[in-house]
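See below for the structure under consideration.
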Amino acid sequence: MKRVDLHLHSRFSDGTLAPAELVARGREAGLDLMALTDHDGVAGFPEARRAAEGAAGPRVLCGIEISSSVGEVHILGYGLDHARPAFAERVSELHSRRRERVRRMVEKLQGLKFPITMEEVVACSGGVLGRPHIADALCRKGIASNRGEAFGRWLAEGRPAFVPSMGPAPEEAIAMIRDAGGFAVLAHPDTVEDLGVVGGWVKGGLEGLEAHYPTYAPAVVKRFAELAAGHGLLLTGGSDCHGPGTLRNAPLGVSVPDAVVERFLERVSRCG
């Protein structure tokens, strides 16, 4: 078994740790391999790569997690060439959509008479805006005690300030990753209401499924591994850690079979 973490978030999106801090924690956790997969951006990877240089592990890869327009369906991307101009343009578009969604949510909060501004939310972010930064702004104002309360009372689906995701369709996210020379993996598949749609995404270029996840019992891992095998998909695993003070502050690393890591790295080696 190998200890890996192929799903991590830094303060460059909605995490609370710097990329270098994540690498240091990965080293302390004895990880063999890790990937920085910030939401809709890759700006934190250079720092993570520098932090890993000359060190005795772990190997650090550049990834991305694209938030789709469908609920909590997210698409992970690995092996992509983030220097391609077309990819940079798409990332910029994702950032614009995120900013517009946040702006609309701030307007709803203002309509509820909360003294919060867009500038205050931006000040809480590391670059890629999202609901967690609205939550952080509410905490700074003393309106909420933590992110969990902010989401539970105002920001989650069905709450008064919620605005649906303005991200791309899953198929578009997969195509964006493939166009950048990478390969796409379905993140935390338990968030997909009807797994029957996976077949269509496979036809569109989906190549993997995140079967190893901290909250998954062995029976759940087995179920997703069988689903992946039925579609010829590779497996991945990660903690989805966002750092201290967040709703997802899981310890870094998951244990996966050696063969899973070998197949994943073989696919990475063919990217470009």
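Those letters in the sequence shown? Residues 35 to 306, by our numbering. Note that beta-carbon positions come from the ideal geometry of N, C-alpha and C, so glycine has one too.
Same chain only: Cβ atoms within 6 angstroms of residue i, ignoring 5 sequence neighbours per side
| i | result |
| --- | --- |
| cysteine 158 | His167, Asp170, Ala171 |
| alanine 63 | Leu286, Gly287 |
| lysine 142 | Ala195 |
| histidine 41 | Thr71, Gly272, Asp274 |
Status (buried if at least 16 other CB within 10 Å, exposed otherwise) for residue i
| i | result |
| --- | --- |
| proline 204 | buried |
| leucine 281 | exposed |
| threonine 270 | buried |
| serine 126 | exposed |
| leucine 146 | exposed |
| glycine 242 | buried |
| proline 53 | buried |
| leucine 99 | In the sequence under discussion, the amino acid at residue 99 is glutamate, which differs from the leucine named in the question. Flag for glutamate 99 reads buried. |
Nearest-angstrom Cα separation, counted from residue j out to residue i
| i | j | result |
| --- | --- | --- |
| alanine 89 | arginine 61 | 9 angstroms |
| glycine 111 | asparagine 180 | 30 angstroms |
| methionine 152 | arginine 297 | 44 angstroms |
| glycine 239 | lysine 175 | 44 angstroms |
| arginine 135 | glutamate 206 | 19 angstroms |
| leucine 299 | alanine 120 | 25 angstroms |
| glutamate 55 | glycine 234 | 38 angstroms |
| cysteine 173 | glutamate 154 | 11 angstroms |
| methionine 210 | aspartate 115 | 11 angstroms |
| glycine 192 | leucine 163 | 21 angstroms |
| threonine 225 | valine 254 | 13 angstroms |
Beta strand (DSSP E) segment containing residue i, residue limits
| i | result |
| --- | --- |
| arginine 93 | 93-101 |
| arginine 37 | 36-42 |
| histidine 108 | 108-112 |
| glutamate 62 | It is not in any beta strand (DSSP E) - glutamate 62 instead sits in the alpha helix (DSSP H) that spans 53-62. |
| alanine 284 | No beta strand (DSSP E) holds alanine 284; DSSP gives it neither H nor E. |
| methionine 68 | 67-70 |
Beta-carbon proximity list for residue i, same chain, < 7 angstroms, skipping 5 on both sides
| i | result |
| --- | --- |
| glycine 161 | Phe46, Gly75, Ala77 |
| arginine 131 | Met200, Gly201 |
| phenylalanine 148 | Ile177 |
| histidine 276 | His43, Asp48, Gly49, Thr50, Arg282, Asn283 |
Limits of the alpha helix (DSSP H) - the one that residue i falls within
| i | result |
| --- | --- |
| valine 236 | 232-237 |
| alanine 90 | Where alanine 90 is concerned, there is no enclosing alpha helix (DSSP H), given that its DSSP letter is neither H nor E. |
| methionine 139 | 119-145 |
| alanine 184 | 181-184 |
| valine 302 | 292-303 |
| proline 166 | 165-174 |
Residue i: CB within 7 angstroms of a non-hydrogen atom of the ligand NAP
| i | result |
| --- | --- |
| arginine 83 | This structure lacks the ligand NAP; in fact it carries no ligand of any kind. |
Own chain residues within Cβ distance below 8 angstroms of residue i, not counting five before or after
| i | result |
| --- | --- |
| methionine 35 | Ser289, Val290, Pro291, Asp292 |
| alanine 58 | Ala85 |
| aspartate 66 | Lys36, Arg37, Val38, Gly91, Pro92, Arg93, Val295 |
| valine 197 | Arg135, Arg138, Met139, Lys142 |
What are the uninterrupted segments assigned as alpha helix (DSSP H) that are 4 or more residues long and contained completely in the segment 204-276, given in chain order? 204-213, 232-237, 252-265
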